[in-house]
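Numbering (the working numbering), first residue to last: 19 to 144.
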Amino acid sequence: MNGGEPRSEQAGSALAAIRARQAELARQHDVLGEADRALAEALTRAHTVMRDSVRRLDAIGAEIDGAVAGQDSLALDTPLGAREFQNFLLAKQREIATIVATAHELDRTKSAVLASLGAHYGESPG
């Protein structure tokens, strides 16, 4: 006998400690599982939006390249032709600005999500 405690009490307190530890590990596992799901969603969404943004920017670039290559047919040497081309370029600039602003907002929100998830991954399992 150790410390005057009966063996059954020692076994009972050891079993209670084991069960408490198992419950804590299960809770941590659940928390990390939820963090993993949130991380996967954040990364998937960010990847999808960025891929779409690049595709849209490439399309805008191709439109501008096509317009520049075909500028002879645009009558840029006339005031109306020059104005129409200027309006076209301004519209493309607005589209680009919208794409960049959306990407910036996504970066800001997903950075906040990732920062909040860091606390879950920084927890010691013991």
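For every residue, glycine included, the Cβ atom is placed at its ideal position computed from N, Cα and C.
Counting along the chain, no alpha helix (DSSP H) covers P24, and no H or E run does either. Two segments are said to touch when three or more pairs of C-beta atoms, one from each, lie closer than 8 Å; by this definition the region 107 to 124 touches the region 72 to 88. The alpha-carbon separation between R37 and S134 amounts to approximately 29 Å. Between Y139 and L43, the C-beta spacing is not below 9 Å.
L94 carries a coil assignment under DSSP once its states are collapsed to helix, strand and coil. Taking a cut-off of 8 Å on C-beta distances, the region 118 to 134 does not touch the region 86 to 96, as fewer than three cross pairs fall below it. Each residue's CA atom was taken as its position, placing P97 and A53 some 59 Å apart. Under the three-state reduction of DSSP output, G99 falls in the helix class.
Distance from the CA of R63 to the CA of A56, rounded to the nearest whole angstrom, comes to 11 Å. Contact annotation: G99 and L92 have beta-carbon atoms nearer than 9 Å. Cβ-Cβ distances below 6 Å link S71 to I117 and A121 in the same chain, with the five nearest sequence neighbours on each side left out; the list follows chain order. In this structure, A34 sits away from L132, with a CB-CB distance that is not shorter than 9 Å.
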